[in-house]
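Sequential numbering of the sequence shown, starting at 1, is according to full-length UniProt numbering.
From the three backbone atoms N, C-alpha and C, an ideal C-beta is built for every residue, glycine too.
These figures come from a predicted structure and were not determined experimentally.
Structure, as structure tokens:
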Amino acid sequence: MPPVPPSVDALRREIDEIDVAIHDLIMRRARVVERIAHSKAGEKVFIRPGREAGILRRLVARHQGSVPVAAIVRIWREMIAAMTLIQGPFAVAVYAPDDDRRLWDIARDHYGTVTPLAPANTTQAVLRALAEGRATVGVVPMPEEEDTDPWWRFLISDDTKTPKIIGRLPFCRRPGQKEGGDALILGAVPLEATGQDHTLLGVELSQDMSRGRLKDMIEAASLPVGWFRIFHLPGGGGSVHLIEVEDFVDIDDPRLRTLAEKLGDALVRALPVGTYALPITLEARKA
Numbered sequence: 001m002p003p004v005p006p007s008v009d010a011l012r013r014e015i016d017e018i019d020v021a022i023h024d025l026i027m028r029r030a031r032v033v034e035r036i037a038h039s040k041a042g043e044k045v046f047i048r049p050g051r052e053a054g055i056l057r058r059l060v061a062r063h064q065g066s067v068p069v070a071a072i073v074r075i076w077r078e079m080i081a082a083m084t085l086i087q088g089p090f091a092v093a094v095y096a097p098d099d100d101r102r103l104w105d106i107a108r109d110h111y112g113t114v115t116p117l118a119p120a121n122t123t124q125a126v127l128r129a130l131a132e133g134r135a136t137v138g139v140v141p142m143p144e145e146e147d148t149d150p151w152w153r154f155l156i157s158d159d160t161k162t163p164k165i166i167g168r169l170p171f172c173r174r175p176g177q178k179e180g181g182d183a184l185i186l187g188a189v190p191l192e193a194t195g196q197d198h199t200l201l202g203v204e205l206s207q208d209m210s211r212g213r214l215k216d217m218i219e220a221a222s223l224p225v226g227w228f229r230i231f232h233l234p235g236g237g238g239s240v241h242l243i244e245v246e247d248f249v250d251i252d253d254p255r256l257r258t259l260a261e262k263l264g265d266a267l268v269r270a271l272p273v274g275t276y277a278l279p280i281t282l283e284a285r286k287a
């Protein structure tokens, strides 16, 4: 006789058992996070965007079965956000002027339903929220070429308290999701390499220099250039540049010393103002 297939009731009981096991593991994970928080008591920085990126990349790479991988990412983003709140106060300031909710929706998707989000009408208001401690991280729009008062120029500072760019959103782009409207995350968090990163380099010059000449000098220092943004300081006092470097670059990178030698007296300072783990695009499930 062929084996009798389990009844629907038996299968539902199995699902209930699995739900209990999953819940037990989530609570166990929370207890481990609590131990980490206790071991880091007194530290102001308890978020690690690079580690979060690694977790999601690993899950996406190993995922199998009929559950959409986008759902797995959503579940883990909710869990990561909830576990972050266990470690200390965590709030997000989001650039959301008037009724423009594009970045708000991206931020909510990334930081989950339990993380406090606060809207800000200007990018400067996001920076103030970070400086005053009302927000742990801020979400701002990608730099635009035509911006007459770019927010990023305030990051080109030697002050260790100045926030840095620590992420790009959306980190996991779903199949069919439109390009454009991306955002950057700001926070006073040490830069962390993940193996797949781009760095934002801030360069301040005492004199104007053509984009092409500066690009050539940067690439001659073995720094591969992506996009480029320029702001001319008022009164002809030089210029500041935000340059995407398609690699991880920290403050001690010898390539920065090479760049300084090439720029000579024209250089005021050149320093990383942030890095982000390269986002991933989730593949559509094949029929």
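- prompt: Under a three-way DSSP split, which group does Arg-101 fall into?
  reply: coil
- request: May I ask which residues mark the beginning and end of the alpha helix (DSSP H) holding Arg-12?
  value: 8 to 39
- prompt: DSSP three-state call for Glu-219: helix, strand or coil?
  reply: helix
- request: Give every residue of the same chain whose Cβ lies closer than 6 Å to the Cβ of Ser-7, excluding the five residues on either side of it in the sequence, and list them in chain order.
  value: none
message: In the DSSP output, what is Asp-197 paired with across the bridge?
response: Ala-277
Beta strand (DSSP E) segments (min. 3 residues) lying fully within the stretch 219 to 244: 225 to 232
- prompt: Would a C-beta distance cut-off of 7 Å place Cys-172 and Ile-280 closer than the cut-off?
  reply: yes
query: Closer than 6 Å: is that where the CB of Phe-248 sits relative to any heavy atom of the ligand FAD?
result: The ligand content of the structure shown is nil, which means the ligand FAD is not present either.
task: Could you give the DSSP three-state label for Pro-49: helix, strand or coil?
output: helix
message: I need the boundaries of the beta strand (DSSP E) containing Lys-262, first residue and last residue.
response: Where Lys-262 is concerned, there is no enclosing beta strand (DSSP E), although the alpha helix (DSSP H) it sits in stretches over 254 to 263.
query: To the nearest whole angstrom, what separates the beta carbons of Arg-229 and Leu-214, a pair I think is in contact under 8 Å?
result: In fact, because the Cβ distance is near 12 Å, the residues do not count as touching under 8 Å.
message: With a threshold of 7 Å on Cβ separation, who are the neighbours of Ala-287 within its own chain once the five nearest residues in sequence on each side are excluded?
response: Reliability of the predicted coordinates at Ala-287 is poor, the pLDDT of 32 falling under 50, and the value obtained from them is presented with this limitation in mind. For Ala-287, where only same-chain residues beyond five positions count, there are no Cβ hits under 7 Å.
task: Report the residue from Asp-197, Met-83, Pro-170 and Ile-166 whose alpha carbon sits nearest the alpha carbon of Gly-187.
output: Ile-166
- prompt: Does the beta-carbon of Met-209 have 16 or more other beta-carbons within 10 angstroms, so that it is buried, or is it exposed?
  reply: buried
- prompt: Nearest-angstrom Cα distance between Asp-251 and Leu-201?
  reply: It should be noted that the sequence gives Ile, not Asp, for residue 251. Answer to the nearest angstrom: the Cα atoms are 10 Å apart.
query: Can you name, in chain order, every residue of its own chain whose Cβ lies under 8 Å from the Cβ of Val-4, other than the five neighbours on each side?
result: none
Close Cβ partners of Ala-135 (< 7 Å) along its chain, the five nearest in sequence each way excluded: Ala-91, Val-92, Ala-93, Ala-118 and Ala-129
task: Using a threshold of 7 Å, state whether the C-beta atoms of Glu-204 and Arg-269 are closer than that.
output: yes
Reference Ile-22, options Gly-50, Leu-267, Met-79 and Pro-143, closest by Cα: Met-79
Leu-282 vs Ala-183 beta-carbon contact at 7 Å: no
- prompt: With 16 as the cutoff for other CB atoms within 10 Å, does Pro-234 come out buried or exposed?
  reply: exposed
query: If you count every other CB in all the chains shown that lies within 10 Å of the CB of Leu-11, and 16 or more means buried, which is it?
result: exposed
- prompt: Does DSSP put Ile-72 in a helix, a strand or coil?
  reply: helix
message: With a threshold of 6 Å on Cβ separation, who are the neighbours of Glu-261 within its own chain once the five nearest residues in sequence on each side are excluded?
response: none
query: Would you say the stretch 143 to 161 touches the stretch 216 to 232, given that touching needs at least three Cβ pairs under 8 Å?
result: yes
- prompt: So, helix, strand or coil for Gly-187, using DSSP?
  reply: strand
Proximal residues to Val-240 (C-beta, below 8 Å), its chain only, five neighbours per side dropped: Arg-153, Ile-156, Gly-202, Val-203, Glu-204, Leu-205, Ile-230, Phe-231 and Leu-233
- prompt: Which term fits Asp-19, buried or exposed, when burial requires 16 or more other beta carbons within 10 angstroms of its beta carbon?
  reply: exposed
query: DSSP puts Tyr-95 in a beta bridge; with which residues?
result: Ala-120
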